[in-house]
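Colleague: Chains as they are written, first to last, in my numbering: chain A, 112 to 736; chain B, 112 to 736. Built from N, CA and C at the ideal position, the CB exists for glycine as well. First the structure, then my questions, so here it is.
This is how it looks when you write it as structure tokens:
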């Protein structure tokens, strides 16, 4: 593994580069657009398998491309620069950085800003700027073309005979097409059912789409706090998170140097970056929520929009009258932004300025195409508080705000809970779809029990997989450190892989046409004892290989037709391979006799009998072939 | 942590003892039965909380009781001995141990047997012996009384005002009573809807029950293989697994010393032990499935029944005509027992001797009250093979065998898959209930995707939580090493905790009347910054504390009103506590005005409006009180 090195005291020092085990990065262009280079990860299989490589979406950016030399001070290549330039936005003088933007850090405590310079752009008066505005006007942007090609990973293989798995799933009203066309992307964005978070000041972005008719996406949170963490750690966490598959990253930093750390993150992020601007606004007023006002908030929006942040969490649904609804909760208000705004409302005995001046917030965000992530400030923080009056009152308000933002031309997604027992999850999805006009749902978990701190990536993966199946478009990860401490690099990886598997389980259950290709390829590798292929097709090839090597470290073991679990004599896979050969060698009469016996057995369920007979009809292939 | 020491070369050396962090073991007796001592774990909360200790089921046996001195050579105290003695079974001369019972191991390679001696008991001709027989005869056994008391953990707190949560869940037709009476236990066993695996030769057992109207149980697999692991490791894995909450343990050993290792496990297990006798039978015939016959199998059943094994996995549903149904599968037959029997059937071109002579197997197992765990030898090993004809054909046969076993007086549970995508899970539960007359379902996961080796405890916890919610009575754990290698001690713990949380999520969703008490207690501790209480109420207090200490190691931090995630200024919990005080301090008029405002807001859903109004009606408590 090579490292990209940057000298400098508390600035980013090194990030993880190199290709992922068994994979190589390739670029592919849509037929009609040779200039649009979409990255994919190609997982090669051993030659003996006779199988083609498997193509998967690749969120890792240039960091996994050995052909790109990474220089964090210069920032990433600007894939979108030409597209954005073609839209004729106004170059503006950047807002001057103020001492409070970095929490007053000075001297040795001040992290230097990323030296990479980008022009600061803004829409002119009356000019279309957001993907939603273009979509409504019938214009297909380069981002839409890019995304359509990206989402079609695997669909070529499907067309080549692997089959369309849509009929196999239960999609709860989603409408996933066989192929994704740029026009389909446009139409989904136009009707607000998908968002493309893509600030015009983030030219390094490799665009992605969040909507329930596309692959389920995941978000990883990073960010320092007043207690621990440095800029170097945060940039490496970003690179590390996208390496393992984070589709977007939220920078939840608080404390000092928040502006300058963000400059490193923005200039080096291939994925959309989200923030919660109220955090920085609160820093600017010395940490007292009562001192917040619209002006400091608006100033912060502009500051971050100019830096290129792609989506903002805005807790405009926390209204004054809802605050008393939380008073009897077991865990009150657990959202930081929600509690800050509740504090403000009660201190002033006034309606939230985020709610009252929401249209002005839209006007600011629209000019840079910053997408809304309407925050669920009143989400339940415990099983006891799930689906309560406060939570659903806010959700209704988020629906009201969605329509305002849409009218203003802004893209919107909606944040969701939280802590919810399994039997109350579907109601969340159903209510969100109804209240918010099918705007994409973006949920944290939900955690399905409160009793496993240290394992909340798992308590929440259960809920995340389920709500993803029901229609949630993006799942915000939870790490093992949730409720206990700040995640480190290992926790970030564990969180990302856990959520990738939850999102994939959701794609399978929805009947995504091609999701199962990877399961099938891995299962065939497993059955054939192609250990290297099994490792490389997995979400985390390094861990899969390391676990195997713990008990069977030798190279010869990687071609062994057994593993340490059962040893050679007890290997069911080995026995079955032999059986399969025998069934194939049976005479037709014998095999048919057995089939008839199976079909004729006293089975009580007519359903089963139909299924039992059907298998041969469907495949048209005799057993053993 | 003290250790129980035993000298001896490859025999067990030391196991983990000592109480679990923040808990103490207590014993409690049902009112009418002062002689029946049921263990519980009492989690004490800090005095300032004003809350009573929380009582939970305790599977860990005497190992966590500082008052019991552990001597592995003597075995555990025999809680059931007097009950069994009262039933007048016949003492028989034990079957002589043969060299092949230990795979021919001799000299230094032979693990010595556990020296603890127990009389070998067997039912006399015509004598009632199984819990099912007693139950049908209207007899409430001591085991049933013990179990009723054990399952009522927490129900006292409920009666004292914590409320019955049954109406809050969705139980899919389960019938969980407010209180568990011994008579209820009897009736559930009598109708075959629950099993009490309790061999009359396992006097050390602390009985438990497996059925969908009781708490969802989990099983941990241990066992050496021909490749690695020693007796010492296996006994420690047993003790370690029950420490963290395994309700039963399966010993899946293959290879040498299988008989003697089992003797250590049986004499030192407080939980039911299950095995797969075909594994040992195969060892006895030199590893060639074709050489198996009924006699060597029956001999193995008697050998293991005499040792005290509580339940046997018997793959009698793998019938000759079903074998060709697996030929086109992506992963064929993945059950070891299933592949062995399929191999036997094809080699001899004969119907399985397990199926043909199932009644004789029942006769043997009945005499010791060994419960059936009817194995799913044709379970799917990949997403592609889920819910296929082979799997469901076998399930129908398991239903047929269930009725035979019940007629013979044997207790039965049914094993289930495997690898199943989320949308196909419920069909498994529904078919099992129907085909097998509501006999308890005991599932491995299921794994909801194939693409995450190294994380299959999580891919399967998703499926396990869901199928547990739908009605599965026991969940067989999967560790992170699944598909890759033999689990070590850490993997066993990770697997157990992961499945405890999945089982608990299922209990919550089913509306178990008291499951949420623990979530609520932990969430209150979290909200009150009672860090020690939060750790101790969690499933794994050691890890929760260690994670917290990584960033905030000092003792003072354990009373801090914030954590390293947000730091003091951004702590939503702290802010909410202040808010709550303010709402409480509001005048009645002001509060009512806000409430009316919230109620009067333009909300589209009548359902929500009703809920919003209801919160005060239900609690009868003004906000902030």
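Assuming contact is defined by CB atoms lying nearer than 7 Å, are residue 179 (chain B) and residue 203 (chain B) in contact in what I supplied?
Modeller: Numbered from 1 along the second chain, position 68 holds the residue referred to as residue 179 (chain B). Numbered from 1 along the second chain, position 92 holds the residue referred to as residue 203 (chain B). No; because the gap between Cβ atoms is not below 7 Å, this pair is not in contact.
Colleague: Give the interface partners of residue 592 (chain A) over in chain D, defined as CB-CB distance under 7 Å, in chain order.
Modeller: No chain D appears in the structure shown, which is made up of the protein chains A and B.
Colleague: Using C-beta distances below 6 Å, list every residue in its chain close to residue 684 (chain B), excluding the 5 sequence neighbours before and after it, in chain order.
Modeller: Counting from one through the second chain, the residue named residue 684 (chain B) turns up at place 573. If we look at residue 684 (chain B) and ignore the five residues flanking it on each side, its Cβ neighbours are 638.
Colleague: Within 7 Å (strictly less), CB to CB, does residue 370 (chain A) reach chain B?
Modeller: Start at 1 with the first residue of the first chain, and residue 370 (chain A) comes out as number 259. No, because no Cβ of chain B sits closer than 7 Å to the Cβ of residue 370 (chain A).
Colleague: Distance check for residue 605 (chain A) and residue 591 (chain B), CA to CA, integer angstroms please.
Modeller: Stepping through the second chain from its first residue, residue 591 (chain B) is reached at position 480. Stepping through the first chain from its first residue, residue 605 (chain A) is reached at position 494. Their backbone Cα atoms lie some 12 Å apart in a straight line.
Colleague: Under 7 Å between beta-carbons, which chain B residues line up against residue 561 (chain A)? List them in chain order, please.
Modeller: Here residue 561 (chain A) corresponds to residue number 450 of the first chain, with the count starting at 1. Correct list: 630, 633 and 634.
Colleague: Is the shortest distance between the beta-carbon of residue 644 (chain B) and the beta-carbons of chain A less than 7 Å?
Modeller: Taking the second chain and counting its residues from 1, one reaches residue 644 (chain B) at position 533. So, not an interface residue.
Colleague: For the beta strand (DSSP E) containing residue 139 (chain B), name the first residue and the last one.
Modeller: Start at 1 with the first residue of the second chain, and residue 139 (chain B) comes out as number 28. It spans 134-139 - the beta strand (DSSP E) in which residue 139 (chain B) sits, taken as one unbroken run.
Colleague: Pull up the distance between the alpha-carbon of residue 303 (chain B) and that of residue 547 (chain B), whole angstroms please.
Modeller: Position 192 of the second chain, counting from 1, holds the residue named residue 303 (chain B). Position 436 of the second chain, counting from 1, holds the residue named residue 547 (chain B). One C-alpha to the other measures close to 10 Å.
Colleague: Is the separation between the beta-carbon of residue 565 (chain A) and that of residue 589 (chain A) shorter than 7 Å?
Modeller: Indexing the first chain from 1 puts residue 565 (chain A) at position 454. Indexing the first chain from 1 puts residue 589 (chain A) at position 478. No, the pair does not count as a contact, with Cβ atoms beyond the cut-off.
Colleague: What whole-angstrom Cβ distance do residue 431 (chain A) and residue 705 (chain B) have, given they're in contact under 8 Å?
Modeller: Stepping through the first chain from its first residue, residue 431 (chain A) is reached at position 320. Stepping through the second chain from its first residue, residue 705 (chain B) is reached at position 594. 7 Å between Cβ atoms; contact.
Colleague: Report whether the distance from the Cβ of residue 135 (chain B) to the nearest heavy atom of the ligand FAD is below 6 Å.
Modeller: As for the ligand FAD, it is missing from this structure, which has no ligand bound.
Colleague: Would you say residue 651 (chain A) reaches chain B, if we count a Cβ-Cβ gap shorter than 7 Å as a contact?
Modeller: Looking up residue 651 (chain A) in the first chain gives position 540. It does: the Cβ of residue 651 (chain A) has a partner Cβ on chain B nearer than 7 Å.
Colleague: Does residue 566 (chain B) get closer than 7 Å to chain A when you measure Cβ to Cβ?
Modeller: Here residue 566 (chain B) is taken as the residue at index 455 of the second chain, counted from 1. Chain A contact via Cβ: present.
Colleague: Can you check whether the CB of residue 397 (chain B) is closer than 7 Å to the CB of residue 607 (chain B)?
Modeller: Translated into the one-based positions of the second chain, residue 607 (chain B) becomes position 496. Translated into the one-based positions of the second chain, residue 397 (chain B) becomes position 286. In this structure, residue 397 (chain B) does not lie closer than 7 Å to residue 607 (chain B) by Cβ.
Colleague: Based on the DSSP secondary-structure assignment, which residues constitute the bridge partners of residue 530 (chain A)?
Modeller: The residue given as residue 530 (chain A) occupies position 419 in the first chain. According to DSSP, which records beta bridges pairwise, residue 530 (chain A) is partnered with A:558.
Colleague: Apart from the five residues on each side of it in sequence, which residues of its chain come closer than 7 Å, Cβ to Cβ, to residue 507 (chain B)?
Modeller: Counting from 1 along the second chain, the entry for residue 507 (chain B) is found at position 396. Once the five neighbours on either side are set aside, the close Cβ partners of residue 507 (chain B) are 546.
Colleague: Taking 7 Å as the cut-off, decide whether the C-beta atoms of residue 186 (chain B) and residue 125 (chain B) are in contact.
Modeller: Stepping through the second chain from its first residue, residue 186 (chain B) is reached at position 75. Stepping through the second chain from its first residue, residue 125 (chain B) is reached at position 14. Against a cut-off of 7 Å, the Cβ pair of residue 125 (chain B) and residue 186 (chain B) comes out as no contact.
Colleague: What residues from chain B crowd round residue 360 (chain A), counting only those whose CB sits closer than 7 Å?
Modeller: Taking the first chain and counting its residues from 1, one reaches residue 360 (chain A) at position 249. By Cβ distance, chain B contributes nothing, its closest Cβ being about 17 Å from residue 360 (chain A), past 7 Å.
Colleague: In this structure, what does DSSP give as the bridge partners for residue 482 (chain A)?
Modeller: Your numbering for residue 482 (chain A) matches position 371 in the first chain. Paired residue(s): A:422.
Colleague: Could you check how far apart the C-beta atoms of residue 672 (chain B) and residue 281 (chain A) are, in whole angstroms? I think they sit under 8 Å.
Modeller: Residue 672 (chain B) sits at position 561 when you count from the first residue of the second chain. Residue 281 (chain A) sits at position 170 when you count from the first residue of the first chain. Not quite, the Cβ-Cβ distance comes to about 45 Å (not below 8 Å), so this is no contact.
Colleague: With 9 Å as the limit, tell me which residues of the segment 417-446 of chain A have their beta carbon closer than that to any beta carbon of chain B; keep them in chain order.
Modeller: Listed by position, the residues of the segment 417-446 of chain A near chain B (Cβ gap below 9 Å) are 430, 431, 432, 433, 434, 435, 436, 437, 438, 439, 440, 441, 442, 443, 444, 445 and 446.
Colleague: By how many angstroms is the C-alpha of residue 173 (chain B) removed from the C-alpha of residue 129 (chain B)?
Modeller: Reading the second chain from its first residue, position 18 is the one you call residue 129 (chain B). Reading the second chain from its first residue, position 62 is the one you call residue 173 (chain B). When rounded, the distance between both Cα atoms is 10 Å.
Colleague: Which of the three DSSP states, helix, strand or coil, is assigned to residue 588 (chain A)?
Modeller: The count along the first chain starts at 1 and reaches residue 588 (chain A) at position 477. In the structure shown, residue 588 (chain A) sits in coil (DSSP, three-state: anything other than H, G, I, E or B).
Colleague: Please tell me whether residue 686 (chain A) has its Cβ less than 7 Å away from any Cβ of chain B.
Modeller: Position 575 of the first chain, counted from the first residue, corresponds to residue 686 (chain A). Yes - at least one Cβ of chain B is within 7 Å of the one on residue 686 (chain A).
Colleague: Using a Cβ-Cβ cut-off of 6 Å (strictly less than) and excluding sequence neighbours within five positions of residue 587 (chain A), which residues of its own chain qualify?
Modeller: Position 476 of the first chain holds residue 587 (chain A). Cβ neighbours of residue 587 (chain A) beyond the five flanking positions: 330 and 555.
Colleague: Leaving out the 5 sequence neighbours to the left and right, which residues in its chain are closer than 8 Å to residue 169 (chain B) when beta-carbon positions are compared?
Modeller: To locate residue 169 (chain B), count along the second chain from 1; it is residue 58. Excluding sequence neighbours, residue 169 (chain B) sits near 136, 150, 151, 152 and 175.
Colleague: For residue 377 (chain A), which of helix, strand or coil comes out of DSSP?
Modeller: Numbered from 1 along the first chain, position 266 holds the residue referred to as residue 377 (chain A). Correct three-state label for residue 377 (chain A): helix.
Colleague: Quick one, which residues of the segment 245-256 of chain B are near chain A if we go by CB-CB under 8 Å, in chain order?
Modeller: Going along the segment 245-256 of chain B in chain order, one finds no residue with a Cβ nearer than 8 Å to chain A.
Colleague: Along chain B, which residues have their Cβ under 7 Å away from the Cβ of residue 615 (chain A)?
Modeller: Sequence index remark: in the first chain, residue 615 (chain A) carries index 504 (1-based). Going along chain B in sequence order, the residues near residue 615 (chain A) (Cβ under 7 Å) are 560 and 562.
Colleague: Given that residue 333 (chain B) touches chain A, what residues does it touch there, using C-beta distances under 9 Å?
Modeller: Within the second chain, residue 333 (chain B) is the residue found at index 222, counting from 1. Here the premise fails: no neighbours, minimum Cβ distance about 12 Å.
Colleague: Show which residues of chain B have a CB atom less than 7 Å away from the CB atom of residue 654 (chain A).
Modeller: Taking the first residue of the first chain as 1, we reach residue 654 (chain A) at position 543. The contacting residues are 565.
Colleague: DSSP state of residue 474 (chain A), grouped into three classes?
Modeller: Within the first chain, residue 474 (chain A) is the residue found at index 363, counting from 1. Of the three classes helix, strand and coil, the one that applies to residue 474 (chain A) here is helix, per DSSP.
Colleague: Which residues of chain A have a Cβ atom closer than 8 Å to the Cβ of residue 694 (chain B), listed in chain order?
Modeller: If you number the second chain from 1, residue 694 (chain B) lands on position 583. Correct list: 434, 435, 438 and 457.
Colleague: With a threshold of 8 Å, are at least 3 pairs of Cβ atoms found where one atom belongs to the segment 482-489 of chain A and the other to the segment 512-525 of chain A?
Modeller: With a cut-off of 8 Å, the segment 512-525 of chain A and the segment 482-489 of chain A count as touching, because enough Cβ pairs lie within range.
Colleague: Establish whether the CB of residue 690 (chain A) and some CB of chain B are separated by less than 7 Å.
Modeller: Along the first chain, one-based indexing puts residue 690 (chain A) at 579. Interface residue, yes.
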